[in-house]
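Numbering (full-length UniProt numbering), first residue to last: 1 to 143. One structure below.
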Amino acid sequence: MGVRKYVTMKDIAEKAGVSVNTVSRVLNNKPDISKQTREKILRIAKDLGYIKNITASSLRSNQTKIVGVILEDITNLFFAEVMKGMEAAARKYGYQLLLMNTGIDPKKQREAIQTLLERRVEGILITPTEDGLSDFERLSHIN
């Protein structure tokens, strides 16, 4: 299976005969672009199957809009209900949740914390394992 080639702003700009900056301004809903140019760029983006690169956007804005959630047991119905409420609240404010399951294993909890920190989540909600409380010390030193 080959590597998927995503459509870029450069691809859209070339097809539309405009600059990458103009495409960026249209796709980010910025002002000062004519209606005709805006419609043309949006049509080309749709025709080419453009998908916004959230990773690139988060690098520029320094915001991932992702909150990590570490649960000790995702099969627990209580946590399923809690997740449902958290997801609704996160969505309301433009955030997404990234769920990690530890299976009540302190080693998996440490790995989950590391993974979420590497992904630069903006917060971590956690139901700690009994033996994993020391991980909170580590998290308390991160701004």
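Ideal Cβ placement from N, Cα and C applies to all residues, glycine included.
Environment of residue i [buried if 16+ CB atoms lie within 10 Å]
i: Q36; result: exposed
i: E39; result: exposed
i: D47; result: exposed
i: T64; result: buried
i: I54; result: exposed
i: A56; result: exposed
i: V69; result: buried
i: I44; result: buried
Segment limits, alpha helix (DSSP H) that includes residue i
i: I124; result: Where I124 is concerned, there is no enclosing alpha helix (DSSP H), although the beta strand (DSSP E) it sits in stretches over 123 to 126.
i: S34; result: Premise fails: S34 is in no alpha helix (DSSP H) and is neither H nor E.
i: E130; result: Neither: E130 is in no alpha helix (DSSP H) and is coded neither H nor E.
i: V23; result: 20 to 27
i: K108; result: 106 to 118
i: K5; result: Unbroken run through K5: none, as it is neither H nor E.
Span separating the alpha-carbon of residue i from that of residue j
i: K30; j: D11; result: 20 Å
i: L99; j: E14; result: 39 Å
i: Q109; j: V121; result: 16 Å
i: S19; j: D32; result: 14 Å
i: V131; j: L42; result: For the record, residue 131 in the displayed sequence is Asp; it is not Val. Computed Cα separation, rounded: 52 Å.
i: R91; j: T127; result: 21 Å
i: E72; j: G103; result: 5 Å
i: I66; j: L125; result: 11 Å
i: N21; j: L117; result: 32 Å
i: L27; j: G17; result: 15 Å
i: N76; j: Y50; result: 39 Å
i: S61; j: Y95; result: 14 Å
i: K52; j: I113; result: 27 Å
i: S24; j: M86; result: 32 Å
i: T129; j: V3; result: 39 Å
i: D105; j: E111; result: 10 Å
Quick one: which unbroken beta strand (DSSP E) runs of 3-plus residues sit fully inside the stretch 47 to 104? Chain order, please.
Listed in chain order, the beta strand (DSSP E) runs fully inside the stretch 47 to 104 are 66 to 71, 96 to 101, counting runs of at least 3 residues.
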